[in-house]
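Worksheet: one structure, shown below.
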Amino acid sequence: MSADGERTIDLPPETLMAEIASTRLLAIDIGGSLVKLVYLTHRPTTTSTTTSSTAAGTNADGGSSTAVAAAVAAVAAVAAVGPPSRSGSFSEAEPAGFAGAPAGTRLHFIKFETKYIERCIEFIRDNLLRSKQEREAAAAAAGDGDKAAEYIHVSEQATVITATGGGAYKYIDMLEEKLGVKVYRADEMDCLIAGCNFLLHKVPNEVFKFNRNANMPYRAQEAGSHVFPYLLVNIGSGVSLVKVNSETDYVRVGGTSLGGGTFLGLCSLLTKCSDFDEMLEMSAHGNHRNVDMLVGDIYGRDYSKIGLTSDTIASSFGKAARWKSDGNRESAHFNDGDVAKSLLHMISNNIGQIAYMTAKQHNIKQIYFGGFFIRGHSYTMHAISYAVNFWSSGSIDALFLRHEGYLGAIGAFVRADDAVDVRRVSWDENFAKYNILHNKSGAHVLDQTEGNLVPYPLLDETAGAYVPDAVDLGTDPELRDYWLNNFEQTLPKLATRVREFYGTEVETLKSIEAFQARFIQHLAAVRESPTAFGLLSPRVLFDVRQQYLNEFGFPDPYWAVKQQDNEKAIILLGNWLAQLDSMSWEERQTRIIEGVLSGNMFDWEAKAVVDMLEHDKLDFSIARRMLRTPWLFDDLANWIARLKKPNPPHRKAIIFADNSGVDIILGVFPFVRELLLRSTSVVVACNTQPAINDITHREIQALSERAANIVPEFREGLANGKLQFVPSGSGSPCLDLGRVDERVAEAAAEADLTVIVGMGRVVHTNFHARFRHEALKLAVIKNQRVGEQFGGSIFDVVCKYEPASR
Ligand SMILES: Nc1ncnc2c1ncn2[C@@H]1O[C@H](COP(=O)(O)OP(=O)(O)O)[C@@H](O)[C@H]1O
Ligand SMILES: CC(C)(COP(=O)(O)O)[C@@H](O)C(=O)NCCC(=O)O
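Residue numbers (numbering that gives the first Met the number 0): 0 to 805.
What follows is the structure, encoded as structure tokens:
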């Protein structure tokens with residue numbers, strides 16, 4: 000969806016399409032009005048250019064030379080794990096140093112007007128050919144045999160092009176002739192449905208409802224697992240209504256010729272305007288009452304007996320007839336904007352009504368609207384929503400799709416043989432890349448996630464669908480402002496951290512500046528149009544900021560800090576475990592939980608503690624004293640009661656861990672050991688990708704080997720499989736349990752306890768999440784404003800033990 004009022008471009012500029020040169024898979028949907036392109040590229044693989052000497056020298060401990068020495072040793076010790084580095088290959092379209100997103104597959108979506116098809120095909124041809132020639136030259140130049148073989152292999156791979164839409168027939172000869180490759184044709188309807196199913200199943204937050212009169216008009220909707228049957232209303236040049244029964248079974252149950260092309264055509268005839276975006280802009284200032292004949296114009300008031308208010312349109316364009324009588328346009332009481340608005344209303348309303356009647360006829364409750372006529376335009380969506388709602392007496396809501404006009408192109412893409420995997424893996428929308436390269440073009444970028452993501456199987460959705468956010472910043476302007484300001488205020492500190500780790504070379508500094516500028520721009524865009532990028536919550540903002548970091552080549556600015564923190568904590572582990580062992584059973588259970596909470600204070604993103612961390616003024620016992628008492632949510636006694644006999648020990652626990660250093664080592668590790676001692680199997684899920692100072696799966700693997708030398712239960716557990724570490728699938732300080740790595744899901748099949756640690760994973764996201772089995776949620780709220788949100792204040796404790804809901 001594009002934000003309201005955005006202008007599309009006529010022909011994608013070269014920057015937009017630069018990466019097309021490296022594609023091997025391209026789908027093209029040539030419609031009556033627009034051409035849609037979907038193509039796949041590979042994100043750059045990482046090469047080692049990190050200034051790790053700078054990294055090691057990062058003085059996060061306030062200058063203690065022994066700590067620095069320990070940190071240097073730590074960095075050396077984990078060199079095998081290796082810092083994530085900036086990546087090497089820069090696309091022409093990108094600023095210098097603008098790279099570094101995690102490697103993987105990327106899908107690009109772009110569109111342009113069909114009248115430019117010839118020029119666009121020439122552009123594709125030139126780029127594909129050029130890249131082929133470049134690869135061949137590189138192969139010739141490469142002295143070493145392996146490299147040459149690799150280049151030749153790549154250059155021999157033909158680009159697979161699939162075409163759909165009416166233009167696939169009309170332009171196929173031109174496509175094949177100009178591109179010099181075989182172009183496969185795919186059936187338009189098959190593609191439309193395949194594309195829609197792909198979006199519903201594979202792309203998060205794809206679906207939304209729109210209600211202009213709600214305080215937050217835009218509401219994201221989970222497509223959920225029960226999407227079939229649904230009615231797809233595709234509003235392109237014309238309109239198709241398709242009943243979709245399953246992935247492959249569908250039937251076209253209706254259509255109307257009054258579609259987007261009609262709007263475009265009539266608006267061109269009736270106004271001085273011929274550009275779609277200008278038409279939308281004009282309509283925004285128009286008043287349809289000057290053109291349409293209302294019930295009030297006829298009755299002088301409501302016709303309440305049959306439920307018609309005086310404002311209801313009795314006859315679209317009914318008043319325009321008066322203009323004809325004197326034939327003088329200038330004397331008309333309406334302008335071009337009024338006409339555009341009336342037309343938009345007429346077409347949208349008509350489609351909404353037909354959609355409802357068709358759904359009713361086929362007993363369908365879910366109606367999705369796609370096609371580029373919609374363009375995320377609020378008035379259009381309002382008119383469609385209003386019509387569906389009105390005619391269904393409020394029982395059905397219109398559902399819209401973020402990738403509205405790309406269904407056919409996506410379908411052609413996923414139906415291509417080579418793309419089979421595209422349907423099997425999971426995707427994330429990359430807003431940073433979208434904004435940087437494709438700004439205001441109606442384009443999108445989807446990045447393949449590392450690992451396949453599936454819903455966490457222990458979620459209990461019987462009481463309502465799982466929502467991965469405890470707050471919706473869309474609905475709360477004051478809270479939204481607070482968070483947007485917070486992100487803006489903490490940006491300089493983050494930039495400093497990036498400089499300290501990635502170095503101060505001129506190009507790096509330029510990239511850091513660019514990163515900040517772009518992220519500020521993003522925040523400004525969100526301020527202006529809070530739902531321009533879909534859902535809005537602290538989680539979404541953290542994730543988008545990480546996307547910008549990735550895109551600019553700074554995926555892990557806290558890498559050195561994390562290693563230092565681990566090093567400082569691990570030397571304390573043996574002692575801490577001995578202390579715990581000297582306590583009574585009951586006291587030990589209390590101190591273990593307190594330990595997890597105290598550990599959670601070590602959070603480099605919490606303004607309230609960062610100064611202390613930077614000056615090495617926070618230690619484990621100070622952190623414990625900072626926990627506010629009494630605890631805001633205190634289920635400790637219930638938890639300890641649960642652990643007591645005759646209750647059986649838990650079979651298996653899944654722990655979603657949080658930060659590096661004291662948090663994981665002195666907080667979570669003793670808790671894990673205690674569970675292992677009770678014969679409970681333990682699976683620790685850590686971030687797949689870095690985020691702030693959260694420990695990653697890669698890092699914890701190295702750390703656990705070292706911990707195993709200190710904790711015999713770990714050594715044993717790792718050997719007999721009772722202790723496992725798995726990637727969570729996330730690269731966020733928050734946790735969306737709707738999308739976890741399938742390895743977590745697999746491990747969870749036998750689990751009867753879910754433990755979630757941290758403010759991001761508990762407070763911002765899963766505070767209200769319900770589980771089929773027991774759950775323990777542990778976090779410290781390190782922020783006054785967030786504390787107030789839960790009826791408390793800063794450093795309040797969340798210790799929620801939730802017995803099995805079933
Ligand atoms: N930039 C644009 N130029 C022309 N039409 C546009 C543009 N943006 C949106 N539209 C609307 O989208 C319609 C085309 O939608 P689309 O789903 O691409 O269908 P088709 O495949 O028939 O071209 C146009 O008829 C017009 O109403
Ligand atoms: C990023 C965080 C969720 C991390 O907390 P954690 O999950 O590590 O407990 C948290 O530090 C946070 O919400 N910080 C932003 C607000 C602040 O500056 O206090």
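Glycine included, every Cβ here is placed at the ideal spot set by N, Cα and C. Just so it is clear, the structure is predicted and the values come from calculations on it, not from any experiment.
Identify the residues that DSSP records as bridge partners of Trp426: which are they? Gln447
Looking at the unbroken alpha helix (DSSP H) that takes in Gln871, where does it start and where does it end? This structure cannot settle anything about residue 871, because the visible part of the chain is limited to 0 through 805.
Can you list the beta strand (DSSP E) stretches of 3 or more residues lying completely in the stretch 364-427, in chain order? Fully enclosed beta strand (DSSP E) runs of 3 or longer: 366-369 and 397-400.
Around the C-beta of Lys35, are 16 or more other C-beta atoms found within 10 angstroms, so that it is buried, or is it exposed? Flag for Lys35 reads buried.
In the DSSP output, what is Tyr800 paired with across the bridge? Leu775
Could you tell me whether the stretch 643-657 touches the stretch 747-761, using the rule of 3 or more Cβ pairs below 8 Å? yes
Once you ignore the five residues that flank Glu773 on each side, which residues in its own chain have a CB closer than 8 Å to its CB? Arg641, His649, Asp751, Leu752, Thr753, Tyr800, Glu801, Pro802 and Ala803
What separation, rounded to the nearest whole angstrom, lies between the Cα atoms of Arg738 and Pro647? 31 Å
Does DSSP put Ile305 in a helix, a strand or coil? Three-state DSSP puts Ile305 in a helix.
Could you pull out every residue in the same chain whose Cβ sits closer than 7 Å to the Cβ of Leu522, ignoring the five residues on either side in sequence? Residues Leu483, Phe486 and Glu487 of the same chain have their beta carbon placed closer than 7 Å to that of Leu522, with the five preceding and five following residues left out of the count.
Quick one: does the C-beta of Ala605 sit closer than 6 Å to a heavy atom of ligand 2? yes
Between the C-alpha atoms of Pro529 and Leu269, what's the straight-line distance to the nearest angstrom? 34 Å
Bridge partners for Thr40 per DSSP, in chain order? Beta-bridge analysis with DSSP links Thr40 to Arg105.
Chain-order list of residues whose beta-carbon lies under 8 Å from that of Gln520 (same chain, five-residue window excluded): Closer than 8 Å at Cβ, skipping near neighbours: Asn434.
Could you name the residues that DSSP lists as bridge partners for Val609? Bridge partners of Val609: none, in fact.
Could you check the C-alpha separation between Tyr249 and Leu257 for me, to the nearest Å? 23 Å
What does DSSP give as the partner residues of Ile27 in its beta bridges? Leu36 and Ala162
Proximal residues to Met188 (C-beta, below 8 Å), its chain only, five neighbours per side dropped: Ser239, Val241, Tyr249 and Arg251
Taking Cβ to Cβ, would you say Gly166 is nearer than 7 Å to Ile29? It is a contact, given that the beta carbons lie within the stated cut-off.
Does the beta-carbon distance from Ile755 to Lys776 come in below 7 Å? yes
In three-state terms, what does DSSP make of Ile694? coil
According to DSSP, is Lys781 helix, strand or coil? coil
Please tell me whether, using a cut-off of 6 Å, the distance from the CB of Pro467 to the nearest non-hydrogen atom of ligand 2 is below it. no
Could you give the first and the last residue of the continuous alpha helix (DSSP H) run that contains Ala746? Start and end: Glu741 to Ala747.
Rounded to whole angstroms, what is the Cα-Cα separation between Leu199 and Ile366? 13 Å
Gly594: CB within 6 Å of a non-hydrogen atom of ligand 2: no
With three or more beta-carbon pairs closer than 8 Å as the criterion, would you say the stretch 681-688 touches the stretch 578-593? The stretch 681-688, when compared against the stretch 578-593, does not touch it at the 8 Å Cβ threshold.
Run the proximity test for Pro732: is its beta-carbon closer than 6 Å to any non-hydrogen atom belonging to ligand 2? yes
Could you give the distance in angstroms between the alpha-carbon of Glu149 and the alpha-carbon of Thr22? In this prediction, Glu149 has a pLDDT of 49, which is less than 50 and means its spatial position is unreliable; nothing more can be read from the coordinates.
Contact set for Lys169: own chain, Cβ-Cβ below 8 Å, skip 5 residues either direction: Ile29
Residues near His332 in its chain [Cβ-Cβ closer than 6 Å; skip 5 each side]: If we look at His332 and ignore the five residues flanking it on each side, its Cβ neighbours are Asn289.
Out of Asp446, Asp274, Glu121 and Gly463, which one is the CA nearest neighbour of Glu112? Asp274
Top-ranked residue by Cα proximity to Phe632, from Leu398, Asp795, Thr448 and Gly237: Asp795
How big is the Cα-Cα spacing for Ser826 and Leu406? Absent from the structure is residue 826, since the part of the chain shown begins at 0 and ends at 805.
Could you have a look at Ala358 and say whether DSSP puts it in helix, strand or coil? Ala358: helix per DSSP, three-state reduction.
CA-CA distance, Ala707 and Leu612? 27 Å
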